[in-house]
Structures are given as structure tokens and as C-alpha cells.
Amino acid sequence: MEGRLSPETWNHFSTNGSLTNNHLEGWHNKLKKRVGASHPHIFKLINIFQKEQAASEVKMVQYTSDGTRRKKSKKYRDVDEKLSNLKADLLARRKTCVEYSDAASYLLKL
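This note's numbering applies: residue 2 is where the sequence shown begins, and numbers increase by one.
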């Protein structure tokens with residue numbers, strides 16, 4: 002397949018983490034609400050960024066001290082497990098690419 006970007010850039014077959022950017026969109030939404038204006042005063046923006054940095058540092062200390070993070074819901078843990086099983090079946094040649102694609106698209110509701 003030819004194109005500007007190599008498949009390694011956009012292919013998420015081997016990705017083990019989040020497959021979406023929903024967490025980032027949530028953070029942007031929270032930041033937008035805190036700012037409250039499309040063109041805020043620079044010092045207000047600096048203050049908001051400093052508070053966000055402090056909150057991030059507190060979370061990092063909590064994560065490193067007890068290792069707990071918010072768990073995924075059971076629904077998404079199940080989807081991740083099924084997708085992982087599908088990948089294993091494809092790699093072991095128990096499923097064809099078409100079977101894998103059909104099953105993955107059904108699983109992800111595409």
C-alpha cells in the first residue's frame with residue numbers, strides 16, 4: 002500500500018492501550034470550561050495552567066505511591082479481551098483477515 006504515511010504510523014493492531022482519544026477530548030472540554038472565554042487574559046490562562054499542573058503532579062504522586070488508577074468499566078474490559086482474542090486468532094491463522102475484520106468491526110460497532 003502506498004501513501005504519505007507508513008502503516009506503522011496509523012495502524013493500531015499492536016496497540017495495547019487506549020484506541021481512542023476520548024480521554025484527551027474530556028481533558029480539553031474540562032479546560033475549556035475552566036477558561037470560560039475564547040480569548041482569556043494571559044494571566045488568567047497562566048493561573049489555570051499552573052492549577053492544572055499542580056493537579057497533575059498530585060495524581061502522579063498518588064499513582065506512584067499506591068498504583069491505583071480508575072478502572073475501565075466491565076463493558077470495555079470485555080471488549081478489550083475479545084479484541085485481544087481476535088488478534089491472537091488472526092496471528093495463529095485460526096481466522097482470515099476478512100473474518101478478523103468482520104468480527105472486529107462488529108465488536109467495535111463500525
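No residue lacks a Cβ here, since even glycine has one placed at the ideal position from N, Cα and C.
Environment of residue i [buried if 16+ CB atoms lie within 10 Å]
| i | result |
| --- | --- |
| Lys96 | buried |
Proximity below 9 Å, CB of residue i to CB of residue j
| i | j | result |
| --- | --- | --- |
| Leu92 | Ala105 | no |
| Leu20 | His13 | yes |
| Asp90 | Tyr107 | no |
| Arg35 | Glu53 | yes |
| Leu32 | Ile43 | no |
Own chain partners of residue i with C-beta closer than 8 Å, once the 5 adjacent residues on each side are dropped
| i | result |
| --- | --- |
| Met61 | none |
| Leu87 | Lys96, Tyr101, Ala104, Ala105, Leu108 |
| Gly63 | Looking at the sequence provided, one finds Gln at residue 63 rather than Gly. If we look at Gln63 and ignore the five residues flanking it on each side, its Cβ neighbours are Thr69. |
| Leu46 | Val36 |
Option nearest residue i by Cα separation, candidates the options
| i | options | result |
| --- | --- | --- |
| Ser66 | Lys73, Lys72, Glu58 | Glu58 |
| His24 | Asn86, Lys73, Arg78, Val99 | Lys73 |
Spatial neighbours of residue i in its chain, beta-carbon cut-off 7 Å, leaving aside the 5 residues before and after
| i | result |
| --- | --- |
| Asp81 | none |
List in chain order: all unbroken beta strand (DSSP E) runs of 3+ residues lying wholly within the stretch 11-41. none
Quick one: complete alpha helix (DSSP H) runs, 4+ long, within the stretch 72-97? 75-92
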